[in-house]
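Participant:
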């Protein structure tokens with residue numbers, strides 16, 4: 001009976017360790033994605049006035065921009081609006097720039 005309990009206990013520890021490891025890996029992957037998005041936004045901002053076409057290409061590298069939140073979403077919307085304006089691409093509406101305006105009105 002004691003051996004069976006020890007065996008089950010060992011399996012539970014392995015399962016818990018595996019789950020913890022998977023969660024840690026997922027956290028690292030999502031963290032790396034956020035860091036990459038921030039770096040791409042910084043790079044796009046550095047290029048905005050001299051190379052708006054490069055800025056558009058950089059912004060296209062951001063996977064799932066619709067999932068961005070907070071400052072990243074506001075900065076993405078601002079940079080995309082500026083790049084399109086500088087590249088003479090007219091925006092169909094002002095909804096994109098309104099994301100930026102709303103964010104910075106709240107956060108300052």
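In this note's numbering, the protein residues as written are 1 to 108. Here a beta-carbon is modelled for each residue, glycine too, at the ideal position from N, C-alpha and C.
1) Determine the DSSP secondary structure at residue 89, reduced to helix, strand or coil.
2) Quick one, are the C-beta atoms of residue 99 and residue 82 less than 8 Å apart?
3) Am I right that residue 41 and residue 76 are in contact with their C-beta atoms under 8 Å? What's the rounded C-beta distance?
4) Might you give, ordered along the chain, the residues of its own chain that have their beta carbon closer than 8 Å to the beta carbon of residue 91, omitting 5 neighbours on each side?
5) Is residue 98 helix, strand or coil when you go by DSSP?
6) Anyone know if the C-beta pair for residue 48 and residue 55 falls short of 8 Å?
7) Tell me whether the beta-carbon of residue 59 lies closer than 8 Å to the beta-carbon of residue 44.
Facilitator: Taking the geometry as given:
1) coil
2) no
3) 6 Å
4) Only 81, 84, 85, 97 meet the Cβ criterion.
5) Secondary structure of residue 98 (DSSP, three-state): helix.
6) yes
7) yes
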